[in-house]
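Numbering (mature numbering (1 follows the signal peptide of the UniProt record, and there is no 0)), first residue to last: -20 to -1, 1 to 598. All residues carry an ideal CB built from backbone N, CA and C; glycine is no exception. As the structure is a computational prediction, the values presented were derived from the model and not from experiment. Taking it in order: structure first as structure tokens, then the write-up.
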């Protein structure tokens, strides 16, 4: 058996060399999504949770791409549904063109049950062998503390003499199921990632929304962990840890919100850094990614083009040492295989480093244009882009200080609670209610928005301690056509997690499509402090059905702003801006001044003139 494995490895290496000759004539440019070719010759339509390994034993630069268990093509069927391939593997010599190699497994290996999924592969090369760590969503009873459960996830591992396999599973978990409560209630032991420190020790990161992100030292044999687990990402906020070392720092990339909400997927990528693999990982503003007011500098968020829900990335270097990231995203125009099954192809974008922080795709979001391809050799390095400001010219249209009781054109939608004008602004309390899908019970104070491109700014103070709140509470601004068509930017406190949330709701939608999606737009300030909120809208055309791009920002000091992604919508010429404080009742809220300004691109004549005008910040 051992000699057969080495023979297979030799055959695969010979095939790789021939494959490299074909790919050597690759184009100097590329465009997303990546062309990932199946054995049939068609292109794969899915590669979620992508992970990349450069083969250290290959004679010339060769990379392997591993994807989560999912369908790869609408043409591959099994019974009444799609065929789910178990951790499919592809090979490339240029990081752009990928060719099919194999499925990692033909059957689910122990300790996975027959109904388990295998997710989020993490390939490694160590001590002359290749290792593949992965999520097991349902662990067999022999390795679970509770028999008969299907939520007892764990981390599995297999090894091979080749990055292409075949893989021999260890048969037991590296990290076993972790209880969250009695019975079949477990933390989510998902998404493994391995990093090697400067002493040669290996560290395993794992976890997800259920319980948070953790790191633990791998044993020397790579088959188990040792010592205490350390939390590095707060519960409810992050999954898909990817840790890399750069210039003496450890950088934790992690993804936030729902990966798989079809056309309303708001998945996004955030980063923090630490001097130790154990953390704490702090963002650019010093916020801890493991804190209740969760830190994380946005590094990749949707920008209003075809790509939404970008995240769960793998960071790598090309043949010249330039940094890149491969990640999955959702095509907003073609988001689904079937109802509830989101299609997530692989995308590639460049990483540059500015001031000690990664900048992906020049800060423009997932790319959708022709770009210079990665270098395949040390002599092929390409210059870094010039990073410029994205400022805009502003002209104040109106401002409401709320130091007097709001009057026309302000109008309450539904009966308000007890609100009062104060020297700081409009003060009151959250009221029981919501604007989620068909639960349209929250009071709104609203007035009409003017036409054109706009910037809307305010600040809000929500009295929510770290452990707050169940049910959730939130306070912020909403731009709406009606109760079922809006974008909402709010400070949210939900079961001990605090974040600035940017949501979108729409109706009508096609059958089986979601109506609400959300993304993350920053970290709220401390309990007794202000958080600043900003919405920019840019409209394409002037008719009632014109496309609008709504971009969210937040700030902890009113000066240094964090971008939070873009939702497209069609709220139309009758759109209104409103204040909302909802969820559970009784939490103190104050809204500061709200300003609405005309927004001009900085290169326009109007923008050049208005950029010199007095700022409109609340």
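Excluding the 5 residues flanking residue i on each side, which residues of the same chain have their C-beta closer than 7 Å to its C-beta?
i           : result
residue 188 : 168, 170, 171 and 219
residue 553 : 431 and 524
residue 568 : 409 and 443
residue 471 : 440, 442, 454, 455, 456, 480, 504 and 511
residue 173 : 102, 185, 221, 222 and 223
residue 412 : 564 and 565
With DSSP as the reference, label residue i as helix, strand or coil.
i           : result
residue 373 : strand
residue 123 : helix
residue 244 : helix
residue 610 : The structure shown does not extend to residue 610, since the chain is modelled only from -20 through 598, so no value can be given for it.
residue 128 : coil
residue 360 : helix
residue 579 : strand
residue 404 : coil
residue 640 : The first residue shown for the chain is -20 and the last is 598, placing residue 640 beyond what the model contains.
residue 511 : strand
residue 140 : strand
residue 544 : strand
residue 399 : coil
residue 63  : coil
residue 152 : coil
residue 461 : strand
residue 492 : coil
residue 425 : strand
residue 173 : strand
residue 103 : strand
residue 478 : strand
residue 249 : strand
Excluding the five sequence neighbours on either side, which residues of its own chain have a C-beta within less than 8 Å of the C-beta of residue i, listed in chain order?
i           : result
residue 93  : 118, 119, 120 and 130
residue 110 : 33, 103, 104, 139, 140, 141, 142 and 143
residue 495 : 244, 417, 464, 485, 486, 487 and 489
residue 477 : 214, 215, 216, 217, 272 and 274
residue 327 : 12, 13, 14, 287, 290, 306, 307, 308, 309, 346 and 347
residue 361 : 300, 301, 302 and 355
Closest to residue i by CA distance: which of the options is it?
i           : options               : result
residue 46  : 56, 144, 96 and 139   : 144
residue 50  : 321, 434 and 462      : 321
residue 331 : 318, 346, 461 and 323 : 346
residue 31  : 214, 539 and 305      : 305
residue 55  : 386, 26 and 272       : 26
residue 537 : 508, 526, 564 and 565 : 508
residue 249 : 341, 88, 153 and 128  : 341
residue 28  : 137, 228, 223 and 48  : 48
residue 162 : 154, 132 and 177      : 132
residue 65  : 52, 257 and 76        : 52
residue 69  : 97, 18, 108 and 38    : 18
residue 563 : 407, 414 and 391      : 414
residue 239 : 323, 193 and 318      : 323
residue 87  : 241, 135, 96 and 429  : 96
residue 556 : 539, 459, 16 and 201  : 459
residue 522 : 551, 61 and 80        : 551
residue 257 : 293, 296, 280 and 209 : 209
So, at 6 Å on beta carbons, what are the nonlocal neighbours of residue i in its own chain, with the 5 sequence-adjacent residues on each side left out?
i           : result
residue 288 : 245, 282, 310 and 312
residue 501 : 480, 482, 532, 534 and 544
residue 424 : 393, 558 and 560
residue 263 : 252, 275, 276 and 277
residue 473 : 444, 448, 449 and 453
residue 650 : This structure does not reach residue 650, given that the chain is present from -20 up to 598, and the question cannot be answered.
residue 35  : 42 and 143
Residue i and residue j look like a contact to me (Cβ under 8 Å); what is the Cβ gap, rounded to whole Å?
i           : j           : result
residue 73  : residue 356 : 7 Å
residue 547 : residue 487 : At roughly 15 Å, the Cβ-Cβ gap does not stay under 8 Å, so residue 547 and residue 487 are not in contact.
residue 450 : residue 422 : With a Cβ gap of about 18 Å, residue 450 and residue 422 do not count as contacting.
residue 196 : residue 207 : 6 Å
residue 91  : residue 127 : At roughly 13 Å, the Cβ-Cβ gap does not stay under 8 Å, so residue 91 and residue 127 are not in contact.
residue 154 : residue 75  : With a Cβ gap of about 29 Å, residue 154 and residue 75 do not count as contacting.
residue 433 : residue 542 : Contact flag wrong, Cβ pair sits at about 21 Å.
residue 402 : residue 574 : With 8 Å as the limit, residue 402 and residue 574 do not qualify as a contact, their Cβ atoms being about 15 Å apart.
residue 211 : residue 193 : 7 Å
Measure from the C-beta of residue i to each C-beta in chain B and report whether the shortest distance is under 8 Å.
i           : result
residue 200 : In the structure shown, chain B cannot be found, because there is only a single protein chain.
**Asked** Do the stretch 171 to 183 and the stretch 432 to 449 meet, that is, are 3 or more Cβ pairs less than 8 Å apart?
**Response** no
Counting Cβ pairs closer than 8 Å, one from the stretch 255 to 268 and one from the stretch 525 to 532, do we hit at least three? Between the stretch 255 to 268 and the stretch 525 to 532 there are fewer than three inter-stretch CB-CB distances shorter than 8 Å, so the stretches are not counted as touching.
Tell me, please, whether the stretch 12 to 23 touches the stretch 222 to 242 by the rule of three or more beta-carbon pairs shorter than 8 Å. no
task: Evaluate the contact criterion for the stretch 382 to 398 versus the stretch 38 to 45: three or more CB pairs, one atom per stretch, below 8 Å.
output: no
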